[in-house]
Each structure stands twice: as C-alpha cells, then as structure tokens.
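These notes concern the structure reproduced below.
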Amino acid sequence: MALGLNIVVGKSGLLDLGYVAFFAIGAYTMAILGTRTSLNTWEIMPIGIGLAMLAGLILGLPALRLRGDYLAIVTLGFGEIVRISALNTEEIGGPNGIANIPVPPSIGPIKFSLNDQKAFFWVVLIMILLTIWMIRRLSVRRAGRAWEAIRQDEDVAELMGVNTLKYKLWSFSLGAAIGGAAGVLYASKTLFIAPEMFTLNVSILILACVVFGGMGNIWGVMVGAAILAYLPERIRFISDARLLVFGLALVITMNFRPDGILPRKKREKALVKKVSK
34 MALGLNIVVG KSGLLDLGYV AFFAIGAYTM AILGTRTSLN TWEIMPIGIG
84 LAMLAGLILG LPALRLRGDY LAIVTLGFGE IVRISALNTE EIGGPNGIAN
134 IPVPPSIGPI KFSLNDQKAF FWVVLIMILL TIWMIRRLSV RRAGRAWEAI
184 RQDEDVAELM GVNTLKYKLW SFSLGAAIGG AAGVLYASKT LFIAPEMFTL
234 NVSILILACV VFGGMGNIWG VMVGAAILAY LPERIRFISD ARLLVFGLAL
284 VITMNFRPDG ILPRKKREKA LVKKVSK
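All the letters of the sequence shown, read from the start, carry residue numbers 34 to 310 under the numbering used here.
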C-alpha cells in the first residue's frame, strides 16, 4: 500500500488522506463476491482492482482540480464516506462485517491455509516486485517526468504544456489500483472484514511510511514501511503508551532527517529543477 500511495504523494506531490478507501473497496469486493458467488480470489482480484481504479477516477475528476489542504480535506472525507457507508449498509454486514471469506485456491505447489502464512508471503513478495517494476518503468517515461514536474511546480508544468489533470488522474488511479489489490489479498488472508478496520488511522500510517522512508524513493518507502510495521509490535508491552513512543520516534526522525531515511537522489532533484527553469 505504501508503494501505491508513494505514486500519489511521493511522485506527484498530491496529499491523499483517504487512501484507505481504495483498500476498503478491494477488501469488500473480495468479501462480497467471495461469499456470494463461486469466484475465487484470483478471479476477483482484477474486479477489485478495476473498482478501486474507477473510484479513484470518480474522486479524482473533481478533487484533483483542488490543491494542497483542500485536496487533503476532500480525500479525507471520501475515506470516511466509504467507511460510514459500509457501516450503515446492512446488506454487506453493517457494523458486524463479513465473515467466512474463502482463502485463495492453490497456485501449483503453493497452498493457502489459515494456519500457514508462508504462501501469502510469496504472493505479497511477487506483488511488491511487480509494483516496483511498474513504478520504475513509468518513472523514466513521460508519465514519470510529468509527475516530477507537477510535484515541483504545477503552474510551471502547465506552462510547459503538461496536461496536469490527465497525469494526476493517472497517478491517482494507479495508486488506487494498488490499494485495491492489497485489499483483496488482505480480505482473503484475514477471512473477516468490518468497517472498523478501515479508519483514518490506516491512511495516516501508510502516509507516515511514505514520509518516514523518503517520498519518491521506492526503497526508502519500503524501509519506512518495514520499520513502522515492526516498531509498534516491539513496544506493545507498554500498552497505551506505545502510540506516544511511536509518535515521538517519527518526530525525532523528521527533525534529523526531514526528507526521510532514504530521500530522493540529489541528481533527480537537480534534474527536475533544471527542467522547471
């Protein structure tokens, strides 16, 4: 998920506080179709990705005409709309959620079960590698250059002839697709979902992974995600105070490393500035 949000925030410079909505759409697609139809996880996966991308386009068409804090507020509201809609829709379980979600079918020698999580590890690893490959390919093409120009100065990018709305929609929909794919896999792993799993806190955590690791740097985002996923579990013994320690760790890191643990390469920054002049 952090890699998907990195396309939106790190590559394009768009502040999205409602990224959890696409994660929820993917998860609910898996839960609804998995429990009410004969489709399996791999058949539902493209449907979940497609619906998440469609939601990204529907949100992006009006919202991406806004900038800065206004865009952040709209995306935050969208995330809450999705969660509250799920909470108040009895047909999809309401506050009780959806249980008995089927596990994915076997892929050759890889067999999925509730007691053995190794199979999910390999699937997640493959998805991460495919996502990295896609991002790296796009970064060196016209889309990647347009995102960097928009990130640095959207007005200058428009003067240079960049169709900013088009490329912002592209980054938004690609980020949404990755969130939707993660949601489908998450639902098939947990076998149960409920609206309380898709709160604003999830969006904030994913955004923290991007900022903490280094916006725009794929490897930095992965390091940030690994650390922020690992740290809360290691300090769980201090109960309620662990969130305070977690927050302090972020504040201290941002003071000493404002660009994140692994910021974008200086050569990339210099190139973008040169093009913008």
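Glycine included, C-beta positions come from ideal geometry on N, C-alpha and C.
On a predicted model such as this, the values are computed, not experimentally measured, just so you know.
ask   = Is Lys-201 buried or exposed, if buried means 16 or more other CB atoms sit within 10 Å of its CB?
value = If you number the sequence shown from 1, residue 201 lands on position 168. When all chains shown are included, Lys-201 counts as buried.
ask   = Ile-117 to Pro-128, Cα distance in whole Å?
value = Numbered from its first residue, the sequence shown carries residue 117 at position 84. Numbered from its first residue, the sequence shown carries residue 128 at position 95. Spanning the two alpha carbons is a distance of roughly 9 Å.
inquiry  = Alpha carbons only, please: which of Gly-46, Ala-179, Ile-40 and Thr-70 is nearest the one belonging to Asn-133?
reply    = Position 100 of the sequence shown holds residue 133. For the residues Gly-46, Ala-179, Ile-40 and Thr-70, the minimum Cα distance to Asn-133 belongs to Thr-70.
Cβ-based neighbour list, Leu-283, same chain, cut-off 7 Å, excluding 5 preceding and 5 following = Numbered from 1 along the sequence shown, position 250 holds the residue referred to as residue 283. Here the set comprises Ala-241 and Phe-245.
message = Using 8 Å as the cut-off, can you tell me whether the region 106-117 makes contact with the region 84-97, which would need three or more C-beta pairs spanning the two stretches below that distance?
response = Contact between the region 106-117 and the region 84-97 is present: 3 or more CB-CB pairs across the two stretches fall below 8 Å.
ask   = At what residues does the alpha helix (DSSP H) containing Phe-55 begin and finish?
value = Here the question's residue 55 lines up with position 22 in the sequence shown. Element bounds for Phe-55: 53-69.
task = Taking Thr-164 and Leu-47 to be in contact with their CB atoms under 8 Å, please state how far apart those CB atoms are, rounded to whole angstroms.
result = Stepping through the sequence shown from its first residue, residue 164 is reached at position 131. Stepping through the sequence shown from its first residue, residue 47 is reached at position 14. Not a contact, Cβ separation roughly 18 Å.
task = Sort out for me which residues DSSP pairs Ile-226 with in a bridge.
result = Counting from 1 along the sequence shown, the entry for residue 226 is found at position 193. Beta-bridge pairing links Ile-226 to Ile-131.
Thr-74, enclosing alpha helix (DSSP H) - first and last residue = The sequence position of residue 74 within the sequence shown is 41, counting from 1. That run of the alpha helix (DSSP H) goes 74-96.
task = Would you kindly report the start and end of the unbroken alpha helix (DSSP H) that includes Glu-123?
result = The residue you call residue 123 lines up with position 90 of the sequence shown. Looking at the DSSP string, Glu-123 is not in any alpha helix (DSSP H), and its letter there is neither H nor E.
request  = Pull up the DSSP beta-bridge partners for Ile-251, would you.
outcome  = Here residue 251 refers to the residue found at position 218 of the sequence shown. None, per the DSSP bridge assignment.
ask   = Leaving out five residues before and five after Met-287 in sequence, what residues of the same chain have Cβ atoms less than 8 Å from its Cβ?
value = Start at 1 with the first residue of the sequence shown, and residue 287 comes out as number 254. Cβ within range, chain order: Val-244 and Phe-245.
query = Is Ile-226 closer than 8 Å to Val-256 when the C-beta atoms are compared?
reply = Translated into positions along the sequence shown, residue 256 becomes position 223. Translated into positions along the sequence shown, residue 226 becomes position 193. For Val-256 and Ile-226, no; Cβs fall outside 8 Å.
request  = Could you check what DSSP says for Ile-294 in three-state terms: helix, strand or coil?
outcome  = The sequence position of residue 294 within the sequence shown is 261, counting from 1. Here Ile-294 sits in coil by DSSP.
Paired residues, beta bridge with Ile-159 - DSSP = On the sequence shown, residue 159 is found 126 positions in, with the first residue counted as 1. Ile-159 is not bridged to any residue.
message = Contact criterion: CB-CB distance below 8 Å. Does Ile-77 meet it with respect to chain B?
response = In summary, chain B is missing from the structure at hand, where a single protein chain is found.
ask   = Tell me which same chain residues have a C-beta within less than 7 Å of the C-beta of Ala-197, skipping the five on either side of it?
value = Counted from its first residue, the sequence shown places residue 197 at position 164. Position check: residue 197 holds Thr in this sequence, whereas Ala was assumed. Closer than 7 Å at Cβ, skipping near neighbours: Ile-183, Glu-187, Ala-190 and Glu-191.
task = Alpha carbon to alpha carbon, how far is Arg-170 from Arg-178? Give it in angstroms, no decimals.
result = Residue numbering aside, residue 178 sits at position 145 when the sequence shown is read from its first letter. Residue numbering aside, residue 170 sits at position 137 when the sequence shown is read from its first letter. Cα to Cα, Arg-178 sits roughly 11 Å from Arg-170.
request  = Spell out the partners DSSP gives Ile-140 in its beta bridges.
outcome  = Looking up residue 140 in the sequence shown gives position 107. BP columns for Ile-140 point to Ile-143.
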